[in-house]
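Single-structure report; data block below.
Numbering (full-length UniProt numbering), first residue to last: 1 to 814.
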């Protein structure tokens, strides 16, 4: 590169990059170390998480440039080229150390290089630089980038393409003397005024800004001006000719001012190797190094700003580090971030979105004994592990299932030793019911991934790889079953993992990523209806990862607890409970579609006591029940994971002073279910649950008055679809009113949601009984018919139908 232009002569062409430097850089790129387990805690017998988010570092996983996407007129965008805030000095140092962990004895590699930096004053190109006698190379790169408004990644790439300094393990001192090729034209010796590492980096950055002719300078650099077509030579040898290139932006023009040659077809085909006698490599290698190291040159790389809203891949390395790799729907990678360390006992990760319903993505880790541990998220970090109360000791395969049974709670699929595919239905608070057998014949399946809608019907599907190497698509039916099976690939025995990252290509369809035994990450685009096509290698070095997952669906907000009895028999569908005049308590199991399965008896000795549906009152992932006895005692019946209830526990007395009790509500937003009770004067009281089957305090808190106007009050869950629970009350005039809750211990604005409901002898919400839309309402008519009023999930109704007769013999339904 020449010295700074004085506007009197055109810049002499600078030398094309040497092949030796290119090969040395390639060798260095392969010498990548696994990620350190930062802050690894002591081994306590359970998997732990280091909850702090740390600077991006290398894991040995690299992206791979697709040189067919090189655009001569748009090598790098202005947004990327001039983004000076992409790396801190610490991150630059970590990057250099990862590229060359160990330098050859007797040499000083870039990670250990120091230089004296001059103090400069601000001008039209760069801001002021405060120099120092002994500054580290990474510090110089960072400070120059900030002062001159150049992406430090651009400076790192240019150091590599000019002298191979980033990856060189035995660099001679002359490489630092002309580190950026600044002041070194093709036609003359290098200008000694620009010798030295600082002078090279600062001078090159200054020159890269000068090419744009900023205000305060003359309009000297015009022959590669963007917005026009210019003939760009293939090689310093004029006999090799040139070709017209439309220069799309200033950053690309800058690269041609610096290295005025474009790669020919032979150079592109050669990848990292040698083309023909007319090949030049400088701008090819700039694109290749930048893409391999940092991702797209034309799209600002995504950042993992939030565990909840960012899109990323999760990868668990062999040292127990959990990494997040941010991506875009156009396949652009961003800096990966260490999310947790010390997970040495975890062998598999499951990202199912918001597992416990608090509005944040969570992660389930499966340890070497198949014990599941929950790492709850806060949006910015992961908590320490808590064990999930379920046993998967006999599971041969485990995979996220998404909303496989369409009940709004993320599910998990396992394959047992008998070859059965089992569904573990998620619950509102982050537990499981089941398991339930979904399908048989999964014995030949040796790899399983789920929670992906490959067919585009809005329902989660499952992918399985057979021992014969076939990739099979199991299309979900939306109610916890398999609708169809077909082979969508063969020869997959070489793959060590298969996941769906979601839409990786930007066409709106979820794609497939797979790692092969060589550690390459291969993209298989979804071409429609679940079929996949062969795609490019989009990464390498993934052998350091023991498991991968997508980031899971984005949370839409706090998940509201459903009303009603829930899944009382653990068959995956919402049920209804009724009390007969003879004192029996009956279970009417729903079929998940608005109909019924066979009725069973919960208790034949319930007597005249009322029952109260209270949701998962003790927080164990199973819905519970309460009895309000005539003497005022309130008895708690914990639900069993296999269905039904265990023996009762006394949790209060004096409840006979209330004429109405409603459960299954989190009024104060602490994710612990509460009870609301009304006294005869119409005052509404809140009794806050402690999440463990008891109370925060035995004292009720008044939260409303004049509720005497309602003859019936019941919980309806999230009727409006806005992540807010609500109570519904019926007035004497037959109007139905929704009282939404804010989730913070206050009421929203009530509104009318129905008329002509007078004459109905019983009305309540069982939750989403038909599995569609939103919460529904069941109403018993005077003639004993039971009608289902279907909620549309948006605060309205989608229809009504009769689903039962002769219900007028029931004293209570809920």
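We put the CB at the ideal spot given by N, CA and C, even for glycine.
In this text, all values refer to a predicted model and were calculated from it rather than measured experimentally.
- Only exposed fits residue 699, as fewer than 16 other CB atoms lie within 10 angstroms of its CB.
- The alpha-carbon separation between residue 129 and residue 241 amounts to approximately 42 Å.
- If the five residues before and after residue 355 are omitted, its C-beta is found closer than 6 Å to the C-beta atoms of 362, 410 and 430, all from its own chain and listed in chain order.
- For residue 786, the secondary structure class from DSSP, reduced to helix, strand or coil, is strand.
- According to the DSSP assignment, residue 580 belongs to the beta strand (DSSP E) that extends over 575–580.
- A direct Cα-to-Cα measurement between residue 550 and residue 422 gives close to 21 Å.
- When beta bridges are read from the DSSP output, residue 752 appears opposite 737.
- Per DSSP, residue 545 is one residue of the beta strand (DSSP E) stretching across 545–550.
- By the neighbour-count definition (other C-beta atoms within 10 Å, threshold 16), residue 560 is a buried residue.
- Distances from the alpha-carbon of residue 718 to those of 597, 327, 739 and 127 put 739 closest.
- CA-to-CA, the gap between residue 96 and residue 566 works out to about 56 Å.
- Residue 521 places its beta carbon less than 8 Å from that of residue 540.
- Collapsing the DSSP output to three states places residue 526 in a strand.
- In its chain, beyond the 5 residues on either side, 320 have a beta carbon closer than 6 Å to the beta carbon of residue 344.
- Beta-bridge analysis with DSSP links residue 416 to 395.
- Counting along the chain, residue 322 sits inside the beta strand (DSSP E) bounded by residues 322–326.
- Three or more Cβ pairs drawn from the segment 770–781 and the segment 709–725 lie within less than 8 Å of each other, which places the two stretches in contact.
- Taking a 10 Å sphere around the C-beta of residue 517, we find fewer than 16 other C-beta atoms and assign the residue as exposed.
- A direct Cα-Cα distance of roughly 28 Å separates residue 111 from residue 280.
- Under the criterion of beta carbons closer than 8 Å, residue 638 and residue 691 do not qualify as touching, at roughly 13 Å.
- Ranked by how close their Cα comes to the Cα of residue 173, the residues 227, 106 and 139 have 106 in first place.
- About 17 Å separates the beta carbon of residue 124 from that of residue 222, a gap too long to meet the 8 Å contact definition.
- Secondary structure of residue 129 (DSSP, three-state): strand.
- Rounded to the nearest angstrom, the Cβ distance from residue 76 to residue 290 is 7 Å, consistent with a contact under 8 Å.
- The distance from the Cβ of residue 211 to that of residue 257 is about 5 Å, consistent with a contact at the 8 Å cut-off.
- Per the DSSP secondary-structure output, residue 692 pairs with nothing in a beta bridge.
- Ranked by Cα distance from residue 654, the options 751, 580, 509 and 677 are led by 677.
- For the pair of segments examined, the segment 568–584 was found not to touch the segment 627–635: the number of CB pairs separated by less than 8 Å stays below three.
- Around the C-beta of residue 391, fewer than 16 other C-beta atoms lie within 10 Å, and the residue is accordingly described as exposed.
- If one requires a minimum length of 3 residues, the beta strand (DSSP E) runs lying completely within the segment 402–474 are 411–416, 421–426, 432–439, 445–452 and 461–466, in chain order.
- Separation of residue 729 and residue 763 (C-alpha to C-alpha, rounded to the nearest whole angstrom) is 10 Å.
- For residue 767, there is no enclosing alpha helix (DSSP H); the enclosing beta strand (DSSP E) has its first and last residue at 762–767.
- Listed in chain order, the beta strand (DSSP E) elements of length 3 or more contained wholly in the segment 228–264 are 229–233 and 242–246.
- Looking at 477, 485 and 780, the one whose alpha-carbon comes closest to that of residue 804 is 780.
- Apart from sequence neighbours up to five positions away, the residues of its chain that approach residue 315 with a beta-carbon distance below 6 Å are 323, 545 and 548, ordered along the chain.
- Partner residues in the beta bridge of residue 637, as assigned by DSSP, are 625.
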